[in-house]
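Asker:
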Amino acid sequence: MKDSFGREINYLRISLTDRCNLRCEYCMPEKGVDKLQHEDILTLEDMFELVKVFVELGINKIRLTGGEPLVRLGVVDFISKISNLNGIKEITMTTNGVLLKDYAQELKKAGLNRINISLDTLDKDKYKEITRGGDLYKVLDGIEAAREAGLTPIKINTVLIGGFNEDEIPKMVNLTREHNMDVRFIELMPIGEAAAFASHKFIPNSKVLESVKVLKRVENEDKSSPATYFKLPDGKGKVGIINPISCKFCSNCNRVRLTSTGKLKLCLHSNREIDLRKPLKNKEDIKTIISDAILSKEEEHHLEDKKYITRNMNQIGG
Ligand code: SAM
Ligand code: SF4
32 MKDSFGREIN YLRISLTDRC NLRCEYCMPE KGVDKLQHED ILTLEDMFEL
82 VKVFVELGIN KIRLTGGEPL VRLGVVDFIS KISNLNGIKE ITMTTNGVLL
132 KDYAQELKKA GLNRINISLD TLDKDKYKEI TRGGDLYKVL DGIEAAREAG
182 LTPIKINTVL IGGFNEDEIP KMVNLTREHN MDVRFIELMP IGEAAAFASH
232 KFIPNSKVLE SVKVLKRVEN EDKSSPATYF KLPDGKGKVG IINPISCKFC
282 SNCNRVRLTS TGKLKLCLHS NREIDLRKPL KNKEDIKTII SDAILSKEEE
332 HHLEDKKYIT RNMNQIGG
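The sequence shown stops at residue 349 when you use the working numbering, and every number in between is there.
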């Protein structure tokens, strides 16, 4: 369906859980998140009921994220059920890749089309530091497993962190020369846990183009994507830069978000949320509630007002 600014809303991002097997410094508190009450979290059955309504309203692309989507039990069956819905064109996932080696084949069989894997460094000690304990080799094995399973084209998401990984930009870009995968650099967002962290470590994405001067701009077929794409002269994959802070892509925004607690978020950069769990339980007309909500989607975000959002990224899913 179209929102009140004429944007076709066809993309739903679902945060399956706010829990994670890593503790990235810019995303999660070191001690992890408080365990939510069981009754506060949507069951996958309830989530599926909501997905059916979203699909009736014109959602045809779904991304599963988190927290870490692969720590949610039942994720493979959930994908299978969604992929059987009429109208679904694409199911994707954003994962840290740690469990991907075990899941890649099953995910593909269940109907997952492709995958984005988050990786901020290729150095095992730095990986351990930024994720507070993660094992780089598990992620590299996960990437290989995703490739073998055909969860392609693979996109690697790299958050640019000042004083941490800007020296690795050429090495990350080189992955697109050697492999048919895209590497996308994301500016650090001042969200929740990262609000203080980001003010010290933010570096603009223009740093990528300064570091690798031979990158040439290429057309992006997906107009609603927040990424601007470039390529090495002999690159197999593309290099994306995503500037959620310094550029706006609101006018092409086609997405809404659902949290694991059943909150509909119409804009990543807004604290506004619409509860869908209670009306679902009370058998209210959930289709009307969702379509009214989509009609009230904000025209654009206003991060420059410094009204940073309070939820952590692990609750929203990026
Ligand atoms: N756990 C999965 C993962 O890491 O891919 C999915 C959830 S994670 C919240 C989704 C994406 O958000 C990741 O690529 C992560 O790097 C990014 N992210 C988290 N906090 C961020 C922040 N403060 N600024 C920019 N990106 C962030
Ligand atoms: Fe977990 Fe992803 Fe957040 Fe890292 S970015 S703590 S992997 S949810």
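All C-beta atoms in this analysis are idealised placements derived from N, C-alpha and C, irrespective of residue type, glycine included.
Small disclaimer: the values here were computed from a predicted structure and weren't measured.
Using the beta-carbon count (16 or more within 10 Å), is Asn236 buried or exposed?
Answerer: Classification of Asn236: buried, given that the 10 Å Cβ count is 16 or more.
Asker: Distance, Cα to Cα, Glu335 vs His300?
Answerer: Model confidence at Glu335 stands at a pLDDT of 49, short of 50, so the residue's coordinates are unreliable; what they give is reported in the following sentence. So the two alpha carbons sit approximately 11 Å from each other.
Asker: Measure how close the beta-carbons of Phe109 and Phe85 come, nearest whole angstrom, since I'm counting them as under 8 Å.
Answerer: Phe109 to Phe85, Cβ: 14 Å. No contact.
Asker: Do Ile122 and Arg94 count as a contact pair if the criterion is CB distance below 9 Å?
Answerer: Their beta carbons are under 9 Å apart, which means Arg94 touches Ile122 by this criterion.
Asker: Helix, strand or coil, according to DSSP, for Gly271 in the structure here?
Answerer: In the structure shown, Gly271 sits in a strand (DSSP, three-state: E or B).
Asker: I'd like the list of long-range same chain contacts for Gly193, defined as Cβ closer than 6 Å, with 5 residues on each side in sequence excluded.
Answerer: These residues qualify, in order along the chain: Lys232, Ile234.
Asker: Once DSSP output is grouped into helix, strand and coil, what is the label at Ser282?
Answerer: Looking at Ser282 - three-state DSSP - the assignment turns out to be helix.
Asker: Got a sec? Which residues, its chain only, sit under 8 Å from Val170 by beta carbon, not counting five neighbours each side?
Answerer: So the list reads Asn127, Gly128, Val129, Leu131, Ile148, Leu150, Tyr158, once near-sequence residues are dropped.
Asker: Does the beta-carbon of Val214 have 16 or more other beta-carbons within 10 angstroms, so that it is buried, or is it exposed?
Answerer: It counts as buried.
Asker: Can you tell me whether Ser46 is helix, strand or coil according to DSSP?
Answerer: Correct three-state label for Ser46: strand.
Asker: Grab the span of the alpha helix (DSSP H) containing Ser230 for me, first residue to last.
Answerer: Where Ser230 is concerned, the enclosing alpha helix (DSSP H) stretches over 225 to 232.
Asker: Can you check whether the CB of Leu191 is closer than 9 Å to the CB of Val249?
Answerer: Cβ distance not < 9 Å, so Val249 and Leu191 don't count as in contact.
Asker: Roughly how many whole angstroms lie between the Cα atoms of Leu88 and Lys318?
Answerer: Going from the Cα of Leu88 to the Cα of Lys318 covers about 8 Å.
Asker: Determine, using beta carbons only, whether Lys92 and Leu43 come nearer to each other than 9 Å.
Answerer: Against a cut-off of 9 Å, the Cβ pair of Leu43 and Lys92 comes out as a contact.
Asker: Under a CB-based cut-off of 9 Å, is Ile40 close to chain B?
Answerer: Considering every chain present, this structure includes no chain B. It has just one protein chain.
Asker: Within 10 angstroms of the Cβ of Glu99, are there 16 or more other Cβ atoms? Answer buried if so, exposed if not.
Answerer: Buried.
Asker: Alpha carbon to alpha carbon, how far is Cys51 from Leu182? Give it in angstroms, no decimals.
Answerer: If I take the Cα positions, the gap works out to 22 Å.
Asker: Measuring alpha carbon to alpha carbon, tell me which residue in Ile174, Val64, Ile272 is nearest Gly223.
Answerer: Considering only alpha carbons, the answer is Val64.
Asker: Can you name, in chain order, every residue of its own chain whose Cβ lies under 8 Å from the Cβ of His332, other than the five neighbours on each side?
Answerer: Only Lys279, Cys281, Cys298, Leu299, His300, Ser301 meet the Cβ criterion.
Asker: In angstroms, rounded to a whole number, what distance separates the CA positions of Ile45 and Asn144?
Answerer: Taking the straight line joining both Cα atoms gives about 16 Å.
Asker: Using only the alpha-carbon positions, how far apart do Lys244 and Ile305 sit?
Answerer: Distance between the alpha carbons of Lys244 and Ile305: 44 Å.
Asker: Per DSSP, Arg145 forms a beta bridge with which residues?
Answerer: Answer by DSSP bridge pairing, in chain order: Thr123.
Asker: Closer than 8 Å: is that where the CB of Glu160 sits relative to any heavy atom of the ligand SAM?
Answerer: False, no ligand heavy atom lies under 8 Å from that Cβ.
Asker: So, with DSSP's three-state summary, where would you put Thr207?
Answerer: Helix at Thr207.
Asker: Would you check whether the ligand SAM has a heavy atom nearer than 8 Å to the C-beta of Gly164?
Answerer: No, since every heavy atom of the ligand SAM falls outside the 8 Å radius drawn around the Cβ of Gly164.
Asker: Return yes when at least one heavy atom of the ligand SF4 lies under 8 Å from the C-beta of Gly97, else no.
Answerer: Because some heavy atom of the ligand SF4 lies under 8 Å away, the Cβ of Gly97 counts as near it: yes.
Asker: Looking at Cys284 and Ile161, is the spacing between their C-beta atoms short of 9 Å?
Answerer: Contact flag unset, no.
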